[in-house]
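Visitor: Those protein sequence lines, which keep their order, are chains A and B.
Okay, so the first sequence: first residue is 53 according to my numbering, each after it adds one.
Okay, so the second sequence: first residue is 13 according to my numbering, each after it adds one.
From the three backbone atoms N, C-alpha and C, an ideal C-beta is built for every residue, glycine too.
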Amino acid sequence: MAPALIDAKGLTVRLGGRTILDRVDLEVRPGEIVTLIGPNGAGKTTLVRAVLGLVRASSGVVERRRGLRIGYMPQRLTVDATLPLTVRRFLALWRPVTDARITAALEEAGVSHLAASPVQTVSGGEMQRVLLARALLGDPELLVLDEPDQAVDVHGQAELFGRIETLRRTRGCGVLLVSHDLHTVMARTDRVLCLNGHVCCQGAPEDVRRHPEYRALFGGHADALAVYVHHHDHAHASDGAVVPGHDGDCCHG
Amino acid sequence: MDDFVLRALAAGCGIALVAGPLGSFVVWRRMAYFGDTLAHSALLGVALGFLLGVNPLIGVVGVCVALALALVGLQRRRALATDTVLGILSHSSLSLGLVAIAFLETLRVDLVAYLFGDILSVTTTDLGWIYAGGAAALGGLLLLWRRLLAVTVDEDLARVEGMPVEALRLAFMLLIALVIAAAMKIVGILLITSLLIIPAAAARRFSRTPEAMAALASVFGIAAVLGGLLSSLNWDLPGGPSIVVAAAALFLASMMVPVANR
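Now the structure itself:
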């Protein structure tokens, strides 16, 4: 088997006297998609930041393959309105790159039409793809994506995830992603790591779904065929259009 | 034209040229108040310079750098909000400077000149220091340009890309310290920040790239120096404040100019 891109062993992170991560082991191999799931405050983002070297481990280690190139796609990024910056220029800031490579990366991420737009004017979903293009410019061996589904609607999510799967196939890079989507994304992942401070369980998606700790965390929503229940401040008409009013559980099959 | 007017013009334009790009960064990084704090500490640097028998400009750069380091340390503790920390450092360092100068009995300094600038009394030696400091600051900025922009956009991303974020931040503070030391004689320590941020703020609406904004800020700054200096000579007004008023007028005028919606 190819050596792991990253290999975290016994990773513990304490911040302000609180233990955020407790002896977490995590491994990502080339060509593998690993998804981190877990409730809010489970330490998913902290784990990602520790892998990236943005948070120091209190104990344990994160080993990276020598010279590993990481492409990081943060949850969101806001550029101060006072800074005049087009998308193309934004992409050129991180390393010396040619215009042709920027054009290619924008195409690969599906946002070539945004090249000349001020970076502050692109929408949340578009910005995520711009950030994906930015990550691709570093020719990454490991893509790290923090909640790529957050700013995107269901359709956009499937689209973005499709792109990530293609990248994994064409480039052979490993993917580590944090996701809230217990269905589409989780099902198409090689390995799922369910986190709640410590690693509750991990393995193939179907194994994790059957695990008692996973079921305890996500309750009735854990079933593969269950509907995805969440709180809404609006309701849906029969055609799916959003209509105001109604605060309560809303079910999507 | 008299020699002193020529020297004043050369000094003012030189500073405005450097202040454009550096001031743009101050605006992008939201560090206006930080610049003010550094400038306020300059008086303490002057006093220390006299005390140690070195050029006051060296004292100013030294104190500014020490203050910048203290600030980074205090920020890391996160016990107080940044603006509170800046407020404490800004006013205590200014007062400390005033007290120190009062203590140095042998030292007779023109306090008003340090606080508000005395551009018409710029000597050839001053001019040399201003241009040396200005050139160093501009050169450093050009060298770090792309990486400083990256750090300004997002520190985490820059760090993941392997950029030395802390070092870049410190280098930027050092550049500001250099400009403050060089500009002290022109507009005085109480008004220096305005020369950094007003031309840059005026340039924002007309710029589509960071470089265009930096260059236009320099042009606006030079225009403000020329306008301020002319009115100062014409109506016998104080030089530093006249330059700042000219810059403010330019800023107001820039708001009136319609810019096509992009």
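1. Let's test the definition: count the other Cβ atoms within 10 Å of the Cβ of A:S111 and tell me whether it reaches 16, buried, or not, exposed.
2. Residues of chain B with CB under 7 Å from A:V131, in chain order?
3. CB-CB under 6 Å to A:A157, same chain, minus the five flanking residues each way: which ones, in chain order?
4. How about B:G57 and B:V38: are their beta carbons less than 8 Å apart?
5. Given this structure, state the Cα-to-Cα distance separating A:N248 from A:L228, to the nearest angstrom.
6. What residues of chain A sit near B:L162, judged by a beta carbon separation below 8 Å?
7. Shorter than 8 Å from the beta carbon of B:P176 to some beta carbon of chain A?
8. Using a Cβ-Cβ distance cut-off of 8 Å, determine whether A:I72 contacts chain B.
9. How about A:P192: is its C-beta nearer than 8 Å to some C-beta of chain B?
10. List in chain order: all unbroken beta strand (DSSP E) runs of 3+ residues lying wholly within the region 181 to 236 of chain A.
11. Counting beta carbon pairs with one atom in the region 145 to 155 of chain B and one in the region 178 to 194 of chain B, are three or more of them shorter than 8 Å?
12. Considering only residues of the same chain and omitting the five flanking positions on each side of B:L186, which have a CB-CB separation below 7 Å?
13. So, is B:L29 buried or exposed, given that buried needs 16 or more other C-beta atoms within 10 angstroms?
14. DSSP three-state call for A:T71: helix, strand or coil?
15. Going by DSSP, what residue range makes up the beta strand (DSSP E) through A:T155?
16. How would you label A:A276, buried or exposed, when you count the other beta carbons within 10 angstroms and need 16 or more for buried?
17. Take every Cβ of the region 164 to 177 of chain A, pair it with every Cβ of the region 124 to 140 of chain A, and state whether three or more of those distances are shorter than 8 Å.
18. Going by DSSP, name the residue or residues bridged to B:I100.
19. For the beta strand (DSSP E) containing A:E115, list its first residue and its last residue.
20. Using C-beta distances below 8 Å, list every residue in its chain close to B:V17, excluding the 5 sequence neighbours before and after it, in chain order.
21. Check the Cβ-Cβ distances between B:S219 and every residue of chain A, and say whether any is below 8 Å.
22. Nearest to A:V196 by CA position, among A:R121, A:D151 and A:G214, is which residue?
23. Pick out whichever of A:R116, A:R181, A:M179 and A:L99 has its Cα sitting closest to the Cα of A:H250.
24. When the distance is taken between beta carbons, is A:D77 closer than 8 Å to A:K96?
25. A:L78 CB to nearest chain B CB: under 8 Å?
26. So is A:H207 buried or exposed if we call it buried at 16+ other beta carbons inside 10 Å?
27. Given a cut-off of 8 Å on the beta-carbon distance, is the pair B:G140 and B:I198 in contact?
28. Is the beta carbon of A:V80 closer than 8 Å to that of A:L183?
29. Can you tell which of B:D122, B:R19 and B:T221 has the C-alpha that lies nearest to the C-alpha of B:W157?
30. With a threshold of 8 Å between beta carbons, is A:T16 in contact with chain B?
31. Which bits of chain B does A:R141 rub up against, with CB to CB less than 8 Å?
32. Helix, strand or coil: which one does DSSP assign to A:M125?
33. Which of helix, strand or coil does DSSP assign to B:E117?
34. Assess contact between the region 153 to 167 of chain B and the region 227 to 238 of chain B, defined as three or more Cβ pairs (one per stretch) separated by less than 8 Å. Is contact present?
35. Mind listing the chain B neighbours of A:I58? Cutoff is C-beta to C-beta under 7 Å, in chain order.
Guide: In short, the structure shows the following:
1. Exposed.
2. V165
3. A185, L188 and L189
4. no
5. 17 Å
6. Checking the displayed sequence, the identity of residue 162 of chain B turns out to be Ala instead of Leu. By Cβ distance, chain A contributes L145 and W146.
7. no
8. Not an interface residue.
9. no
10. 194 to 198 and 226 to 230
11. yes
12. V77
13. buried
14. strand
15. Unbroken run through A:T155 is the alpha helix (DSSP H), D151 to E160; no beta strand (DSSP E).
16. Bear in mind that a pLDDT of 46 at A:A276, under 50, signals an unreliable position, so the number given afterwards is only what the model happens to contain. Exposed, since its Cβ has fewer than 16 Cβ neighbours within 10 Å.
17. yes
18. The partner list for B:I100 (beta bridge, DSSP) is empty, contrary to what the question assumes.
19. Here the beta strand (DSSP E) through A:E115 covers S111 to R116.
20. L132, L241 and L245
21. yes
22. Considering only alpha carbons, the answer is A:R121.
23. A:L99
24. No, the Cβ-Cβ distance between A:K96 and A:D77 is not below 8 Å.
25. no
26. exposed
27. No, they are not a contact pair.
28. In this structure, A:V80 does not lie closer than 8 Å to A:L183 by Cβ.
29. B:T221
30. Limits of chain A in this structure are 53 at one end and 305 at the other, which puts residue 16 of chain A out of reach.
31. T221 and P222
32. strand
33. coil
34. no
35. The premise fails here: A:I58 is roughly 13 Å from chain B at the closest Cβ pair, so nothing lies under 7 Å.
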